[in-house]
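First the structure, in the form of structure tokens, and then the observations on it.
Number of protein chains: 2
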Amino acid sequence: MSRFPETNAVQRLIDTLSLSDQVRHYLLDALTSGRLRPGDRINEAELARTLGISRNPVREAVSGLAQRGFLVSAPRRGHFLRRFTPQDVDDVFSFRICVESFAIRQALPRMRQPDHDDLARLVERMIAAARAGRLAELHQADMALHRRICELSGNRQTLRAHEGIDTEVQMLIAYVDLEREPPLQSALAHLPIVEALASGDVERSVAAMQHHLETTWAFVHRMYGRSGRGEPLVDAGDASPSQVRRTRG
Amino acid sequence: MSRFPETNAVQRLIDTLSLSDQVRHYLLDALTSGRLRPGDRINEAELARTLGISRNPVREAVSGLAQRGFLVSAPRRGHFLRRFTPQDVDDVFSFRICVESFAIRQALPRMRQPDHDDLARLVERMIAAARAGRLAELHQADMALHRRICELSGNRQTLRAHEGIDTEVQMLIAYVDLEREPPLQSALAHLPIVEALASGDVERSVAAMQHHLETTWAFVHRMYGRSGRGEPLVDAGDASPSQVRRTRG
DNA sequence: AAACTGTCCACTGTCTGCAGTTTATGTTTT
DNA sequence: AAAACATAAACTGCAGACAGTGGACAGTTT
């Protein structure tokens, strides 16, 4: 089939071309970057016009994101970015602790020196970025670290679940002016995890991870706790208070 | 708004109308029932003709299922039902143990007497179905029980994750003539879980659940272990050995 | 003034059609 | 006869168009 050695790489690039895929990434970026805010409606026709394409690829992307729970859809009315309640924060972070702890348990026995070095380098990058005030890079390395651990677990289910959680977390913090941990502190918070992993102590590693995630959780929770003690900021989709339903599998 | 009490039910029926949704359910059923077998191709046009609709709703459904990982897509070549390796079995079941254990931890403190009664009734139904040889009902109650526990956790992330796992498990066992646990034994295996929950002992409940899932895991694993010790039966999508890629978020 | 009814507009859900690829078939060449 | 090639069929990806529904607004009624 492929006579040219570089065909695979080229092929992959070409594959990425599918318009639906591009739209999906475009939308995911809009969601996680805060350009799209909770409750916002997604206008298929307008988006298609903006991107200079037809509505079909747009619909496929949007429909997929709805199936995955990142958008809520109201039949015949459109798709909306979810709204988040304090409970959503708790659900996401408690589940995240569950998943990433499990990832560590599966990853650690499989890790070799190069893997540990990898993680160490990521933390160094975080610290350097924090010192230099490059917040975007800090954030990026942060995500990469957590993701890497899930990859190292070798468990595709875990990795897949983490991807979903990761997206949710980014959506949660995207549109609030988050009262964040100080950058350097945030970067340093990952040191104990990587060190514990390097020592080979599973329980210590899990504990370190849990502690770190609980700290982050607390920061995010504080934001959502403000506008109403436990009461829903707005329940998913105020656009149609009674019958908005999440597209389910 | 609604003066008529049954309006909600009616509304739900009307909402269900979307063709994409219907196709999605149709396909999910085909996947989990074994009517579609791993490696099988999904022919959009043919499916559309069969259902008497156009290709658009079909594409939306298929695309969504691919994004959720239930299908693999090969650009310009089509969508295929995943193939499964022994590792997939291990990944799914180990992760399932992680998720359902977590569900119990969150659910138990929230459970009230009616909830315990609910679960007890489900187990009774399983036992009755097993004794009567109604395997379909047994299987259905089994799934309902596990799902109910995730619901009782009150954690939407957990429930969502469980839905994905549940689908994967059904796909895993759908097309193999599974060497199953004897029906009655399978039904009775759930008793310790529900009893432990009723006693309020979290650790005992978790242990019971883990034991049960490990037993099931072993049965499924045995099937996949046969055709090659650890070697992939076939890796995802032999249709295009080199460049099948999973549609990712 | 408040509630109700009817009309208009925007948008979703779906269909048909077309272009470019991939796969299958048949033919030629060695 | 097997392999390579050429041609035809089939399918995916995308575009454009249409019908039906929901929502907003204005006019009307009580």
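Quick note, the sequences are listed as chains Z and B, same order. Take 1 as the starting number for the first sequence in our numbering and just add one per residue. Take 250 as the starting number for the second sequence in our numbering and just add one per residue. The beta carbon of each residue, even a glycine, is placed where N, CA and C say it ideally should be. Note that the coordinates shown come from a computational prediction; the quantities given were computed from them, not determined experimentally.
First through last residue of the beta strand (DSSP E) which encompasses residue i
{"i": "residue 439/B", "result": "Residue 439/B -> no beta strand (DSSP E), and no H or E assigned at all."}
Host alpha helix (DSSP H) of residue i (start-end)
{"i": "residue 313/B", "result": "304-316"}
{"i": "residue 321/B", "result": "No alpha helix (DSSP H) contains residue 321/B, which is instead part of the beta strand (DSSP E) from 320-323."}
{"i": "residue 176/Z", "result": "Here residue 176/Z belongs to no alpha helix (DSSP H), and DSSP marks it neither H nor E."}
{"i": "residue 287/B", "result": "Here residue 287/B belongs to no alpha helix (DSSP H), and DSSP marks it neither H nor E."}
{"i": "residue 142/Z", "result": "135-152"}
Helix, strand or coil at residue i according to DSSP, with G and I counted as helix
{"i": "residue 269/Z", "result": "Chain Z is shown from 1 up to 249; residue 269/Z falls before or after that span and cannot be answered."}
{"i": "residue 267/B", "result": "coil"}
{"i": "residue 111/Z", "result": "coil"}
{"i": "residue 488/B", "result": "Residue placement at residue 488/B cannot be trusted, given a pLDDT of 32 that sits under 50; what the coordinates show is reported in the next sentence. In this structure, residue 488/B counts as coil in the three-state DSSP scheme."}
{"i": "residue 367/B", "result": "helix"}
{"i": "residue 278/B", "result": "helix"}
{"i": "residue 227/Z", "result": "For residue 227/Z, the predicted model reports a pLDDT of 47, less than 50, meaning its position is unreliable; a value from the coordinates is still stated below. Residue 227/Z falls in the coil class under three-state DSSP."}
{"i": "residue 301/B", "result": "coil"}
{"i": "residue 450/B", "result": "coil"}
{"i": "residue 218/Z", "result": "helix"}
{"i": "residue 406/B", "result": "helix"}
heavy atom of the ligand ADP below 8 Å from residue i C-beta
{"i": "residue 221/Z", "result": "Questions concerning the ligand ADP fall outside what the structure shown contains, since it holds no ligand whatsoever."}
Supposed contact pair residue j and residue i - C-beta distance, whole angstroms, cut 8 Å
{"i": "residue 330/B", "j": "residue 288/B", "result": "6 Å"}
{"i": "residue 19/Z", "j": "residue 53/Z", "result": "6 Å"}
{"i": "residue 44/Z", "j": "residue 23/Z", "result": "Rounded, the Cβ-Cβ distance is 10 Å, inconsistent with contact."}
{"i": "residue 89/Z", "j": "residue 224/Z", "result": "5 Å"}
{"i": "residue 219/Z", "j": "residue 181/Z", "result": "6 Å"}
{"i": "residue 67/Z", "j": "residue 317/B", "result": "6 Å"}
{"i": "residue 368/B", "j": "residue 408/B", "result": "Wrong, their Cβ atoms sit about 16 Å apart, outside the cutoff."}
{"i": "residue 179/Z", "j": "residue 222/Z", "result": "6 Å"}
{"i": "residue 446/B", "j": "residue 360/B", "result": "7 Å"}
Taking three-plus beta-carbon pairs below 8 Å as touching, is the segment 414-433 of chain B in contact with the segment 64-77 of chain Z? Cβ pair count under 8 Å is below three, so no.
The segment 405-432 of chain B: which residues have C-beta closer than 8 Å to a C-beta of chain Z, in chain order? Taking 8 Å as the Cβ-Cβ cut-off against chain Z, the residues of the segment 405-432 of chain B that qualify are 405, 406, 407, 409, 410, 412, 413, 414, 416 and 417.
Residues of the segment 282-297 of chain B whose Cβ lies closer than 8 Å to any Cβ of chain Z, in chain order: Those residues of the segment 282-297 of chain B placed with their C-beta closer than 8 Å to a C-beta in chain Z do not exist.
For the segment 58-67 of chain Z and the segment 99-108 of chain Z, state whether three or more C-beta atom pairs, one from each stretch, are separated by less than 8 Å. Three or more beta-carbon pairs separated by less than 8 Å are not found between the segment 58-67 of chain Z and the segment 99-108 of chain Z, which leaves the two stretches without contact.
The segment 147-167 of chain Z touching the segment 329-343 of chain B, judged by at least three CB pairs closer than 8 Å: In short, these stretches touch, since the Cβ pair count reaches three.
Could you name the residues of the segment 100-134 of chain Z whose beta carbon sits closer than 8 Å to any beta carbon of chain B, in the order they occur along the chain? The segment 100-134 of chain Z vs chain B, Cβ under 8 Å: 102 and 106.
Taking contact to mean 3 or more Cβ pairs, one atom from each stretch, closer than 8 Å, check whether the segment 170-181 of chain Z and the segment 28-43 of chain Z are in contact. Taking a cut-off of 8 Å for Cβ pairs, the segment 170-181 of chain Z and the segment 28-43 of chain Z touch, as three or more such pairs fall below it.
Quick check: the segment 445-454 of chain B against the segment 377-389 of chain B, are there 3 or more CB pairs under 8 Å? Short answer: they don't touch.
Name, going along the chain, the residues of the segment 309-322 of chain B whose beta-carbon falls closer than 7 Å to a beta-carbon of chain Z. Residues of the segment 309-322 of chain B with a Cβ closer than 7 Å to any Cβ of chain Z, in chain order: 309, 312, 313, 316, 317 and 318.
Please list the residues of the segment 77-89 of chain Z that have a C-beta atom closer than 9 Å to any C-beta atom in chain B, keeping them in chain order. Here the close residues are 87 and 88.
Under 8 Å, with one C-beta from each stretch per pair, do the segment 182-199 of chain Z and the segment 432-439 of chain B reach the 3-pair mark? Verdict: no, contact absent.
Could you please tell me which residues of the segment 440-456 of chain B, in chain order, have their CB closer than 9 Å to any CB of chain Z? Those residues of the segment 440-456 of chain B that come within reach of chain Z (Cβ to Cβ, closer than 9 Å) do not exist; the list is empty.
According to a CB-to-CB cut-off of less than 9 Å, which residues of the segment 19-32 of chain Z neighbour chain B? Within the segment 19-32 of chain Z, those residues whose Cβ lies closer than 9 Å to any Cβ of chain B are, in chain order, 20, 21, 24, 25 and 28.
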